[in-house]
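Read through the structure below, which is laid out as structure tokens, and then see the notes.
2 protein chains.
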Amino acid sequence: LSECMSNDRMREQLAFLAEIDALKTIVRQSPLADRSRRENSAEHSWHLAMFALVFADDATVDTARVIQMLLVHDIVEIDAGDTPIHGDHDRQAVAAREEAAADRLFGILPEDQAANLLALWQEFEAAQTPEARFAKALDRLQPLLLNTLTGGGTWAENGVSEADVLARYGPTIERGSTALWRHARTLVERHFADAGVDRG
Amino acid sequence: LSECMSNDRMREQLAFLAEIDALKTIVRQSPLADRSRRENSAEHSWHLAMFALVFADDATVDTARVIQMLLVHDIVEIDAGDTPIHGDHDRQAVAAREEAAADRLFGILPEDQAANLLALWQEFEAAQTPEARFAKALDRLQPLLLNTLTGGGTWAENGVSEADVLARYGPTIERGSTALWRHARTLVERHFADAGVDRG
Ligand SMILES: [Ca+2]
Numbered sequence: 076l077s078e079c080m081s082n083d084r085m086r087e088q089l090a091f092l093a094e095i096d097a098l099k100t101i102v103r104q105s106p107l108a109d110r111s112r113r114e115n116s117a118e119h120s121w122h123l124a125m126f127a128l129v130f131a132d133d134a135t136v137d138t139a140r141v142i143q144m145l146l147v148h149d150i151v152e153i154d155a156g157d158t159p160i161h162g163d164h165d166r167q168a169v170a171a172r173e174e175a176a177a178d179r180l181f182g183i184l185p186e187d188q189a190a191n192l193l194a195l196w197q198e199f200e201a202a203q204t205p206e207a208r209f210a211k212a213l214d215r216l217q218p219l220l221l222n223t224l225t226g227g228g229t230w231a232e233n234g235v236s237e238a239d240v241l242a243r244y245g246p247t248i249e250r251g252s253t254a255l256w257r258h259a260r261t262l263v264e265r266h267f268a269d270a271g272v273d274r275g
Numbered sequence: 076l077s078e079c080m081s082n083d084r085m086r087e088q089l090a091f092l093a094e095i096d097a098l099k100t101i102v103r104q105s106p107l108a109d110r111s112r113r114e115n116s117a118e119h120s121w122h123l124a125m126f127a128l129v130f131a132d133d134a135t136v137d138t139a140r141v142i143q144m145l146l147v148h149d150i151v152e153i154d155a156g157d158t159p160i161h162g163d164h165d166r167q168a169v170a171a172r173e174e175a176a177a178d179r180l181f182g183i184l185p186e187d188q189a190a191n192l193l194a195l196w197q198e199f200e201a202a203q204t205p206e207a208r209f210a211k212a213l214d215r216l217q218p219l220l221l222n223t224l225t226g227g228g229t230w231a232e233n234g235v236s237e238a239d240v241l242a243r244y245g246p247t248i249e250r251g252s253t254a255l256w257r258h259a260r261t262l263v264e265r266h267f268a269d270a271g272v273d274r275g
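Chains as they are written, first to last, in the numbering used here: chain A, 76 to 275; chain B, 76 to 275.
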């Protein structure tokens with residue numbers, strides 16, 4: 076224990092933990108369930124980790140790795156900002172900004188931990204492993220749930236149709252878990268049926 | 076996969092995940108590092124999970140279990156409210172309120188998961204296992220760090236002396252990790268030396 080926790084090492088670790096406090100100030104588009112304000116990326120990350128604790132437990136993925144991935148997945152937003160799902164973005168420019176952010180932020184940590192967290196974030200972004208696909212699915216499912224709980228949330232704000240929702244959320248959730256998408260799809264269909272709004 | 080993810084099960088899981096969104100509205104005493112507002116218990120739980128990802132990795136504890144414990148440790152506050160460290164409380168009344176909250180909130184989940192998360196929360200509260208002691212240490216270290224980053228934070232607000240800080244934070248942190256307390260203690264000493272305030 077004492078060997079792995081030198082003063083220099085702890086200084087770097089605490090500097091990183093102080094720096095990422097800023098994730099609490101990155102405001103997303105999603106409303107809280109009680110509609111009192113918009114969600115920030117730190118509490119969003121906690122909520123997603125709880126989604127993983129509950130749903131990954133039932134799936135054939137490494138729950139601990141899914142949780143760790145979701146805890147770090149938005150840290151790059153401290154430098155690069157949040158990129159809302161409903162909107163046009165220069166994907167390459169966003170990716171370049173996020174990579175620079177990952178290098179700077181994880182780079183505050185001791186070298187071995189910087190490499191580990193960078194690899195975890197890159198695995199999430201690449202969406203190739205079962206754990207990354209499951210994590211990506213939860214990252215789409217959570218705002219979907221908040222929107223259905225708040226009379227439409229960002230869908231209502233942005234005039235997003237049922238067809239748009241199925242197209243923007245479906246593939247990512249289904250790639251992570253067909254069971255989750257089957258269930259989420261009924262939430263979406265029920266929402267648009269109840270709302271009596273544009274079904275696209 | 077399909078067997079473990081029935082519709083009824085997922086309905087209960089989503090009801091729980093919708094209910095715990097309310098942890099984002101439980102405001103704690105601690106300031107954010109940028110002093111823009113006070114911290115809420117959901118983002119606090121994310122921050123603590125990151126502390127565990129960084130520090131438990133170096134310690135002889137099960138990192139995944141420490142993280143899971145910290146993700147759920149404050150969920151009872153949705154019903155029972157936050158109990159600030161600096162203040163007088165009827166410990167038995169607080170414990171009774173929190174136990175009722177744990178029963179109700181975790182009880183929304185399917186029975187097996189309700190039992191697992193209740194056990195995880197009880198392990199944290201009992202502070203007997205190495206993982207629970209480490210988690211408790213981080214739950215004290217994180218507000219200590221925020222206070223030193225913000226010119227005193229809740230210590231300055233409540234006229235808390237250096238002796239009070241050493242007495243209220245030291246034993247819990249040291250029980251989880253002597254290395255962490257050795258380092259945290261120097262942060263406290265430096266803070267009070269720099270502040271030139273009451274050393275108690
Ligand atoms: Ca996200």
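The beta-carbon is built from N, C-alpha and C at its ideal position, and this holds for glycine as well.
Report task. Indicate whether at least one CB of chain A lies closer than 8 Å to the CB of N82(B). Result -> By one-based count along the second sequence, residue 82(B) stands at place 7. With 8 Å as the cut-off, N82(B) counts as an interface residue toward chain A.
Query - G74(B) burial status per 10 Å Cβ neighbour count (16 or more: buried) - result: With chain B covering 76 to 275 only, the question about residue 74(B) has no answer from this structure.
Query raised in the report: Is it the case that the Cβ atoms of S105(A) and L146(A) are separated by a distance below 8 Å?
Result: As a first step, residue 105(A) must be located in the first sequence, where it is residue number 30. As a first step, residue 146(A) must be located in the first sequence, where it is residue number 71. Not in contact: S105(A) and L146(A) (Cβ atoms no closer than 8 Å).
Query raised in the report: What residue range is occupied by the uninterrupted beta strand (DSSP E) comprising P106(B)?
Result: Start at 1 with the first residue of the second sequence, and residue 106(B) comes out as number 31. Per DSSP, P106(B) belongs to the beta strand (DSSP E) from V102 to P106.
Report task. Name, please, each residue of chain A whose Cβ falls closer than 7 Å to the Cβ of E118(B). Result -> Translated into positions along the second sequence, residue 118(B) becomes position 43. In chain order: K99, N115, A117, E118 and W121.
Query raised in the report: Going along chain B, which residues have a C-beta under 7 Å from F130(A)?
Result: For the purposes of this step, residue 130(A) is identified with residue 55 of the first sequence, where counting begins at 1. Residues of chain B passing the Cβ test: Q88.
Query raised in the report: Cβ atoms of I142(B) and I150(A): under 8 Å apart, would you say?
Result: For this step, residue 150(A) is matched to residue 75 along the first sequence. For this step, residue 142(B) is matched to residue 67 along the second sequence. Against a cut-off of 8 Å, the Cβ pair of I142(B) and I150(A) comes out as no contact.
Query raised in the report: Can at least three beta-carbon pairs, one atom from the region 216-225 of chain B and one from the region 166-179 of chain B, be found at a separation below 8 Å?
Result: no
Query raised in the report: Taking Cβ to Cβ, would you say D132(B) is nearer than 8 Å to Q188(A)?
Result: If you number the second sequence from 1, residue 132(B) lands on position 57. If you number the first sequence from 1, residue 188(A) lands on position 113. Closer than 8 Å, so yes.
**Report entry** Close-in-space but distant-in-sequence residues of the same chain around D157(A) (CB under 8 Å, 5 per side omitted)
**Finding:** Within the first sequence, numbered from 1, the residue matching residue 157(A) stands at position 82. Cβ within range, chain order: I101, V102, R103, Q104, S116 and D149.
Query raised in the report: R110(B) by DSSP, collapsed to three states: which one?
Result: For the purposes of this step, residue 110(B) is taken as the residue at position 35 of the second sequence. Coil.
Query raised in the report: Span of the alpha helix (DSSP H) holding P159(A)?
Result: Here residue 159(A) refers to the residue found at position 84 of the first sequence. No alpha helix (DSSP H) contains P159(A), which DSSP labels as neither H nor E.
**Report entry** Residue environment, R84(A), which counts as buried when at least 16 other CB atoms sit within 10 Å
**Finding:** Numbered from 1 along the first sequence, position 9 holds the residue referred to as residue 84(A). Counting Cβ neighbours within 10 Å, R84(A) comes out buried, since at least 16 surround it.
Report task. Write down the C-beta distance between A90(B) and I160(B) rounded to the nearest angstrom, noting that I regard them as a contact closer than 8 Å. Result -> Position 15 of the second sequence, counted from the start, is the residue given in the question as residue 90(B). Position 85 of the second sequence, counted from the start, is the residue given in the question as residue 160(B). Not confirmed; about 32 Å, so no contact.
Query raised in the report: Got a sec: is the Cβ-Cβ distance from Q104(A) to anything in chain B below 8 Å?
Result: Residue numbering aside, residue 104(A) sits at position 29 when the first sequence is read from its first letter. So no, Q104(A) is outside the interface.
Requested in this report: Check the Cβ-Cβ distances between H266(B) and every residue of chain A, and say whether any is below 8 Å.
Outcome: As a first step, residue 266(B) must be located in the second sequence, where it is residue number 191. So, not an interface residue.
**Report entry** Buried or exposed by the 16-neighbour rule on C-beta atoms within 10 Å, applied to G251(B)
**Finding:** Counting from 1 along the second sequence, the entry for residue 251(B) is found at position 176. When all chains shown are included, G251(B) counts as buried.
**Report entry** Straight-line gap, Q197(A) to E152(A) (C-alpha atoms, nearest Å)
**Finding:** Here the question's residue 197(A) lines up with position 122 in the first sequence. Here the question's residue 152(A) lines up with position 77 in the first sequence. So the alpha carbons of these two residues sit roughly 14 Å apart.
Query raised in the report: In chain B, which residues lie with their C-beta within 9 Å of the C-beta of H258(A)?
Result: The residue given as residue 258(A) occupies position 183 in the first sequence. Those are M80, N82, M85, R86 and L89, listed as they occur along chain B.
Query raised in the report: Alpha carbon to alpha carbon, what distance is there between A97(A) and D154(A)?
Result: For this step, residue 154(A) is matched to residue 79 along the first sequence. For this step, residue 97(A) is matched to residue 22 along the first sequence. Computed Cα separation, rounded: 9 Å.
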